[in-house]
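In what follows, a single structure is set out as structure tokens and then discussed.
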Amino acid sequence: MNAGPDTAAVLRDQVVAAGEPWMGTVAAGQLLRIVDLEGNQAVDTLFYNARNTEERYSAVDTIRAQGNIYLTTGSALRSNLGATMLTIVEDNCGRHDTLGGACSAESNTVRYALDKRHMHSCRDNFLLALGHHDCGMDKRDLPGNINFFMNVPVTPDGGLEFADGISAAGRYVQLRAHMDVLVLISNCPQLNNPCNAYNPTPIQILIRAAG
Amino acid sequence: MTSELWSENLKPGEHWSGVLRRGTSLRITALEAGANVAAMMYNYESLLERYNLADTLKAQHTAFLTAGCVCYSDMGRILCSITADSCGWHDTLCGLSDASMVAEKFGAGRFQERRNEFYRNGRDSMLNELGKYGLGKRDLIANINFFSRVSADQRGALRFDRQHCRAGDHVELRFEMHTLLVLSTCPHPLDPEAQYRPRPVGLRAWFSGTAPVQDPCRQRCEENERGFRNTERMFLA
Chain A
1 MNAGPDTAAV
11 LRDQVVAAGE
21 PWMGTVAAGQ
31 LLRIVDLEGN
41 QAVDTLFYNA
51 RNTEERYSAV
61 DTIRAQGNIY
71 LTTGSALRSN
81 LGATMLTIVE
91 DNCGRHDTLG
101 GACSAESNTV
111 RYALDKRHMH
121 SCRDNFLLAL
131 GHHDCGMDKR
141 DLPGNINFFM
151 NVPVTPDGGL
161 EFADGISAAG
171 RYVQLRAHMD
181 VLVLISNCPQ
191 LNNPCNAYNP
201 TPIQILIRAA
211 G
Chain B
1001 MTSELWSENL
1011 KPGEHWSGVL
1021 RRGTSLRITA
1031 LEAGANVAAM
1041 MYNYESLLER
1051 YNLADTLKAQ
1061 HTAFLTAGCV
1071 CYSDMGRILC
1081 SITADSCGWH
1091 DTLCGLSDAS
1101 MVAEKFGAGR
1111 FQERRNEFYR
1121 NGRDSMLNEL
1131 GKYGLGKRDL
1141 IANINFFSRV
1151 SADQRGALRF
1161 DRQHCRAGDH
1171 VELRFEMHTL
1181 LVLSTCPHPL
1191 DPEAQYRPRP
1201 VGLRAWFSGT
1211 APVQDPCRQR
1221 CEENERGFRN
1231 TERMFLA
């Protein structure tokens, strides 16, 4: 499956400000492009089957099925029921994380300090977006997510670190949907580690017609 | 291990669930080489709080679990600590087998022909146990695979270690909150063995008490000290 022509009709073109959530639907066959406008911005992303949200992205099913912990061109994003939800068809960043999860007020107290609890977080974004969406979803519906443009290398002896980003201004990832998917994004507000180069910035979302 | 509370053996392929109270420890023993025990954990007092793979790995800067590690919930608290481990590596990355995977690898293996030695799979085993608590597909969290070792090379490619788990290997979990523990003894999804051959597993629970001030899991890193503080706050009278 190729990336399709960039000339396919743009159905949606939106900038998401730093630290904000975004929800939208991508129909089967359509292309979703996420652009790292200013560079090294983690984009915490979850996918749900729009027709049955009990089916959703599963990091461990995706990792096991492709035999690799990193996501890039050719990666099939699998659901908790084993289906391919989307495929990454273009990626000029080179590597995306799906082990680092999303930051939260509570995990910030563990990772950094008890007084970091007040800081804005991806899971607060996710919860607020789900709460406003009237889709019947709540915290049960927040499995492990993808972090586009984020670099979390795992060493052969099992070490894991949040490393400096390998993305840059204008880099993007493009995905083709294999089913109607609901997309939930938190444009990560984390200020305590290098996942956003300590400076969260806006991203662009482009949805193109099936090409 | 003076005050044993209970013990039982799980048959090959069996799925199991139970509640382990704060201050209880559980030893899981591989009764044969090559065992795998998939595990999910939930706060029994609020099932919405559950084991979180990413928070567990991030806080401890590790991609696998062994003695000294703790298992974090998604609320910055600790479900259990790993207080002893004879095999050094438990997989956190590879999830469960499912029905189509098992049928493709091993054939049909229906109950009708095989009775209670029918071919089970990890996902359906978990759904089976989760359903007993009103949980379902939405609650299929990323699980731990005790006794299995899968490492990633520099490019991220996975490798399953067939020689990892020996007969008698064991891991001990000390529960830091009242925990619903759900287990499946189905083979690891990347185990290349040609036959469907899950292994039997022993469980033994005893009253160990909670983590002392001087405790290797608490003192592993500053993150864990904060995780214990968050957890203990929930139980202050």
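Chains as they are written, first to last, in our numbering: chain A, 1 to 211; chain B, 1001 to 1237. From the three backbone atoms N, C-alpha and C, an ideal C-beta is built for every residue, glycine too.
*With residue 1015 of chain B as the anchor, note down where its beta strand (DSSP E) starts and where it stops.*
1015-1020
*Mind pulling the beta strand (DSSP E) runs of 3 or more residues that sit fully within the region 132-164 of chain A?*
146-148
*Interface residues of chain B around residue 141 of chain A at Cβ under 7 Å?*
What residue 141 of chain A touches in chain B, judged by beta-carbon distance under 7 Å, is 1138, going in chain order.
*For the region 1048-1056 of chain B and the region 154-167 of chain A, state whether three or more C-beta atom pairs, one from each stretch, are separated by less than 8 Å.*
no
*Which term fits residue 133 of chain A, buried or exposed, when burial requires 16 or more other beta carbons within 10 angstroms of its beta carbon?*
Counting the other CB atoms within 10 Å of its CB gives residue 133 of chain A a total below 16, which places it among the exposed residues.
*What is the rounded straight-line gap between the Cα of residue 1183 of chain B and the Cα of residue 1147 of chain B?*
Within the model, the alpha-carbon separation for residue 1183 of chain B versus residue 1147 of chain B is close to 13 Å.
*Using the C-alpha atoms, what's the distance from residue 140 of chain A back to residue 1023 of chain B?*
27 Å
*Who are the Cβ neighbours of residue 1 of chain A in its own chain at under 7 Å, not counting the five residues just before and after it?*
Low confidence applies here, because residue 1 of chain A scores a pLDDT of 43, under 50, leaving its location unreliable and the question unanswered by this model.
*Reducing DSSP to helix, strand and coil, say where residue 1172 of chain B ends up.*
strand
*Status (buried if at least 16 other CB within 10 Å, exposed otherwise) for residue 1006 of chain B*: So residue 1006 of chain B counts as exposed.
*Residue span of the beta strand (DSSP E) that contains residue 67 of chain A, given as start and end*: Segment: none, residue 67 of chain A is in no beta strand (DSSP E) and carries neither H nor E.
*asked:* My parser needs the beta strand (DSSP E) runs of 3 or more residues fully inside the region 47-130 of chain A; what are they?
replied: 76-78 and 84-91
*Where are the alpha helix (DSSP H) runs, 4 residues long or more, that stay fully inside the region 1051-1080 of chain B, in chain order?*
Every unbroken stretch of the alpha helix (DSSP H) spanning 4 or more residues and falling wholly within the region 1051-1080 of chain B is given here in chain order: 1053-1060.
*Would you say residue 1106 of chain B and residue 1195 of chain B are within 8 Å of each other, going by their C-beta atoms?*
For residue 1106 of chain B and residue 1195 of chain B, yes; Cβs fall inside 8 Å.
*Is the Cβ of residue 1062 of chain B closer than 8 Å to any Cβ of chain A?*
yes
*Proximity to residue 1092 of chain B [Cα-Cα], best of B:1114, B:1151 and B:1138*: Across the set B:1114, B:1151 and B:1138, the C-alpha of B:1151 shows the shortest separation from the C-alpha of residue 1092 of chain B.
*Please name the residue in A:184, A:54, A:191 and A:74 whose C-alpha comes closest to that of residue 62 of chain A.*
In terms of CA proximity to residue 62 of chain A, A:74 leads the group A:184, A:54, A:191 and A:74.
*Using three-state DSSP, classify residue 199 of chain A as helix, strand or coil.*
Looking at residue 199 of chain A - three-state DSSP - the assignment turns out to be coil, as it is neither helix nor strand.
*Below 8 Å, can you find three or more Cβ-Cβ pairs linking the region 1118-1126 of chain B to the region 87-107 of chain A?*
no
*Which residues, in chain order, does the region 1177-1200 of chain B contribute to contact with chain A at a C-beta distance below 8 Å?*
Answer set for the region 1177-1200 of chain B: 1189 and 1190.
*What did DSSP end up calling residue 23 of chain A once you bin it into helix, strand or coil?*
strand
*At a Cβ threshold of 8 Å, is residue 1104 of chain B touching chain A?*
no
*Less than 8 Å separating the beta-carbons of residue 1191 of chain B and residue 1036 of chain B?*
yes
_For residue 1026 of chain B, list the residues DSSP reports as bridge partners._
B:1173 and B:1205
*Pick helix, strand or coil for residue 1182 of chain B, following the three-state DSSP scheme.*
strand
*Can residue 196 of chain A and residue 76 of chain A be called in contact, C-beta distance under 8 Å?*
no
*chain A beta carbons: is any one of them nearer than 8 Å to that of residue 1132 of chain B?*
no
*asked:* Can you find the residues in the same chain that come closer than 6 Å, C-beta to C-beta, to residue 102 of chain A, ignoring five residues on each side of it along the sequence?
replied: Same-chain partners within the cutoff: 44, 122, 123 and 145.
*Determine the closest residue to residue 65 of chain A out of A:53, A:80 and A:51, with distance taken between C-alpha atoms.*
A:80
*Does the beta-carbon distance from residue 1286 of chain B to residue 109 of chain A come in below 8 Å?*
The displayed coordinates of chain B run from 1001 to 1237. Any statement about residue 1286 of chain B would go beyond what the structure contains.
*Name the chain B residues that come within less than 7 Å of residue 64 of chain A, Cβ to Cβ?*
Neighbourhood of residue 64 of chain A in chain B, by CB distance below 7 Å: 1094, 1095, 1189 and 1190, in chain order.
*Quick one: Cα of residue 3 of chain A to Cα of residue 1008 of chain B, how far?*
Here the model assigns residue 3 of chain A a pLDDT of 48, short of 50, so the residue's position is not dependable and the matter cannot be decided.
_Assigned exposure category for residue 40 of chain A - 16 Cβ within 10 Å defines buried_ = buried
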